[in-house]
Every structure is written in C-alpha cells, then in structure tokens.
Amino acid sequence: MKHHVAVIGAGAWGTALANAAALAGQTVTLWGRDQAQIREMQKSRRNERRLPGVVLHPEVHPEPDLTQALHKADALLLVVPAQQTMAMITLLQPQLPASLPIILCTKGLDRTTGRFLSDLISDRLTGHPVMILSGPSFAEDVGRGLPTAVVLACHEAHLAHDWAHYLSSPRFRLYHSTDLRGVEIGGAAKNVLAVAAGIVAGRGLGESARAALTARGFAELSRFAEAWGGAAETLMGLSGLGDLVLTSGSVKSRNFAFGEALGRGVPLDEAMDGKLAEGAFTAPVLVAMAREKRIEMPIAEAVAAVLSGQETIDAMIDLLMTRPIRAE
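What follows is the structure in structure tokens.
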C-alpha cells in the first residue's frame with residue numbers, strides 16, 4: 042500500500058531513510074532547515090554534503106517548504122540530532138495533521154531535561170502516536186541499498202506492525218515491537234559505550250580489552266534497561282546487542298571514531314572533527330538516570346568523567362581494572 046512519508050531532517054541518516062522509504066514503495070518528501078541545500082538536492086538529486094555518492098530515489102522529493110513537506114503526510118520520520126528534537130517539535134507542532142504518527146529516528150537522551158525523547162514528544166504532541174526506529178545501521182549502507190535490519194517499536198502493536206511492513210523492502214527489513222522503552226534505551230546507551238570502545242582502540246589497549254569492555258558494557262546497558270522498564274529480550278536483539286556490536290567496532294561509527302581520537306590524545310574540542318557524536322551528550326544524562334535508579338554503570342561513568350574533564354583516560358582505565366573482584 043502506497044503512503045506519503047515526510048522525512049524531517051536532511052542529514053546523512055535522514056537522506057538514507059528517505060531513500061529506504063522510497064525503495065519500499067512510498068512517496069517521500071524530504072525537508073531540512075538549510076533551504077539552499079534542499080534546493081541543490083532538487084537539482085542534483087544528491088546530498089553530497091552529508092551523504093556523498095548516493096543518488097536520491099525518484100520517489101524522494103526534496104521540499105524547502107515545511108508546510109508542503111507535511112501536506113498529505115501519513116507518517117513523519119523525525120531525523121534530527123537528539124538535542125535538537127524539542128526545538129523541532131516546537132516548530133512542527135502548529136502544522137502537524139491531527140493524529141499523525143511520529144517515528145523518532147534519533148538515538149539519544151535529552152540533556153536539558155534528563156528525560157527520554159519519546160516521553161517529551163508524547164507530552165508535547167498529545168494525540169500523536171510515537172514510534173522509535175533503531176538498530177544496527179550506518180547511513181551510507183542504507184543509502185546505498187545494502188542489506189540492513191532494524192526494529193520499529195510502538196506501544197500500539199498494530200501501528201508498529203503496519204509501518205514495519207510499509208517501510209520494509211528486500212534491502213531494508215524492519216522488525217516490530219511493543220517495547221518502545223527497551224528499543225529507545227538500546228539505541229541511546231550504546232552510543233556512550235561506543236565512545237568507550239573507541240577510547241580503548243585509540244589507546245592501543247588491544248582487542249581483548251575491547252571485547253571485555255563491550256561485554257561488560259552490554260551488562261550495564263541491560264541493567265539500565267531493566268530498571269527503566271525495558272525487556273531483556275529486546276536488548277538481546279537489534280536495538281541493543283546488534284547496535285552495540287556495530288558501533289563498538291567500526292570507524293564508520295561517529296561515536297567510536299570520536300572515542301578513538303580521544304584515546305590517541307586528540308583534544309576534546311578537536312576529536313569530533315566536525316561530526317556529531319551523540320554519545321558525548323548522552324553520557325552525563327545516562328549516568329544521572331542510572332544513579333536515580335541506583336544502577337551501577339562504571340564504564341558509562343568513566344566516559345562521562347573523561348568528557349567532563351574530571352578524570353584522565355589513564356586514571357579511569359586504572360579505576361575500572363582495580364574495581365573489587367566479583368562474580369559475573
């Protein structure tokens with residue numbers, strides 16, 4: 042069944058998801074704040090600034106006018122950085138068609154309020170069902186049509202089921218879930234752990250150390266999810282373990298690359314290299330939320346301490362390795 046999907050956010054991930062939705066047979070409008078960029082995409086049928094080498098699908102229509110982008114939309118894919126989500130919701134709210142489903146495609150926590158993004162959206166946009174799309178996926182792979190599997194979660198099972206089918210194609214497979222909290226936590230928390238994995242790699246600590254960190258990081262992620270209402274089986278799937286494995290072992294991951302630069306001694310303000318690493322913003326929020334539930338997350342705490350300048354990388358490595366011996 043053909044639907045009209047509005048993609049809000051014309052970065053690499055928004056462009057890739059626009060192509061994926063079009064490949065699934067949907068009509069797509071793609072909107073971004075930079076109107077000059079959108080008009081250039083109309084002409085060139087590419088987004089060379091954010092996703093070079095990928096040609097837009099014929100059913101992807103870059104649209105500089107927000108009202109027109111939302112016109113006749115059956116669902117909205119919100120693909121902006123986590124810390125810009127609420128500002129974008131404020132901009133969108135007066136123009137959203139009633140009951141339009143919002144599919145949040147961002148992985149992070151709101152550092153201003155210390156809350157889950159899905160809760161903030163639900164509070165602001167009453168009457169609009171909220172879904173979370175997450176899982177192991179790089180924009181370049183999805184944009185090029187390489188095989189990728191993710192998960193779509195919504196409290197309303199029929200919406201998750203239906204939109205997983207509407208957005209799936211032979212190259213982009215969506216599983217569906219009602220565990221919105223677990224899927225959201227998996228996507229947000231793994232970014233912090235990917236930064237830690239990058240630090241290990243950049244410091245030259247070896248593959249054994251990185252494997253141990255990934256395993257123990259997953260244990261932290263699972264404890265956090267359970268405390269906040271996520272299901273254990275969700276974290277064993279695509280949005281938890283799958284995403285953690287992908288982003289903790291590849292330089293294509295912005296969070297891993299950021300951590301790797303830090304591990305090599307690159308100053309914090311230079312390590313991002315102009316690219317967004319959501320884990321840097323999520324780390325202190327994740328730690329604060331863990332403490333609220335009295336959950337131990339030593340790796341996440343170490344990342345937050347390094348990013349805040351409270352501790353050095355070497356000091357935190359020593360601290361992690363000298364923690365009391367305990368049963369696994």
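So the working numbering is basically just the index in the sequence shown, starting at one, shifted up by 41.
Yeah, the Cβ is synthetic: ideal placement off N, Cα and C, and Gly gets one too.
Are the CB atoms of residue 175 and residue 284 within a distance shorter than 8 Å?
Yes, the pair counts as a contact, with Cβ atoms nearer than the cut-off.
From the DSSP output, in three-state form, read off residue 51 for me.
coil
Give me the Cα-Cα distance between residue 132 and residue 209, rounded to the nearest whole angstrom.
29 Å
With the cut-off set at 8 Å, would you say residue 71 and residue 102 are in Cβ contact?
Contact: yes.
First and last residue of the beta strand (DSSP E) that includes residue 286?
It is not in any beta strand (DSSP E) - residue 286 instead sits in the alpha helix (DSSP H) that spans 284-288.
Backbone secondary structure at residue 312 - three-state DSSP:
helix
At a cut of 8 Å, does the segment 216-223 reach the segment 186-205 through at least three beta carbon pairs?
Contact holds: three or more Cβ-Cβ distances are below 8 Å.
By DSSP, does residue 204 sit in helix, in strand, or in coil?
In the structure shown, residue 204 sits in a helix (DSSP, three-state: H, G or I).
Quick check on the DSSP output: the alpha helix (DSSP H) that includes residue 101 runs from which residue to which?
No alpha helix (DSSP H) contains residue 101, which is instead part of the beta strand (DSSP E) from 101-103.
Does residue 85 come out as helix, strand or coil in the three-state DSSP assignment?
helix
To the nearest angstrom, how far is the alpha carbon of residue 246 from that of residue 239?
Note on geometry: alpha-carbon atoms of residue 246 and residue 239 lie some 10 Å from one another.
Beta-carbon within less than 6 Å of residue 104's beta-carbon, same chain only, minus the 5 sequence neighbours each way: which residues are those?
Within the same chain, residue 104 has close Cβ partners 70, 72 and 110.
Let me check understanding here. Comparing Cα to Cα, which of 135, 180 and 52 lies closest to residue 79?
52
Check whether residue 272 and residue 149 have beta carbons under 8 Å apart
No; because the gap between Cβ atoms is not below 8 Å, this pair is not in contact.
Take residue 112 as the anchor and find which of 88, 123 and 137 has the nearest alpha-carbon.
137
From the DSSP output, in three-state form, read off residue 196 for me.
Annotated three-state conformation of residue 196 is coil, per DSSP.
Among the candidates 108, 298, 355 and 155, whose CA atom is the shortest distance from the CA of residue 135?
For residue 135, the nearest C-alpha among the options comes from 108.
Do residue 192 and residue 323 have their beta-carbon atoms positioned less than 8 Å apart in this structure?
no
Check the C-beta distance from residue 147 over to residue 123 and give it rounded, since I have them as a contact under 8 Å.
5 Å
To the nearest angstrom, how far is it from the Cα of residue 56 to the Cα of residue 366?
47 Å
So, are the CB atoms of residue 317 and residue 332 less than 8 Å apart?
no
DSSP puts residue 213 in a beta bridge; with which residues?
189 and 210
Can you look up residue 69 in the DSSP assignment and give me helix, strand or coil?
Correct three-state label for residue 69: strand.
Over what stretch of residues does the beta strand (DSSP E) that includes residue 95 continue unbroken?
92-96
Give every residue of the same chain whose Cβ lies closer than 8 Å to the Cβ of residue 381, excluding the five residues on either side of it in the sequence, and list them in chain order.
No answer is possible for residue 381: it lies beyond the span of the chain, which begins at 42 and ends at 369.
Within this structure, are the beta carbons of residue 343 and residue 327 separated by less than 8 Å?
When the beta-carbon positions are compared, residue 343 and residue 327 stay at least 8 Å from each other.
Terminal residues of the alpha helix (DSSP H) in which residue 358 lies
354-362
Could you compute how far the alpha carbon of residue 139 sits from the alpha carbon of residue 280?
Roughly 29 Å between the two C-alpha positions.
Could you work out which residue in 96, 143 and 293 is closest to residue 114 when comparing CA atoms only?
143
Can you tell me whether residue 179 is helix, strand or coil according to DSSP?
coil
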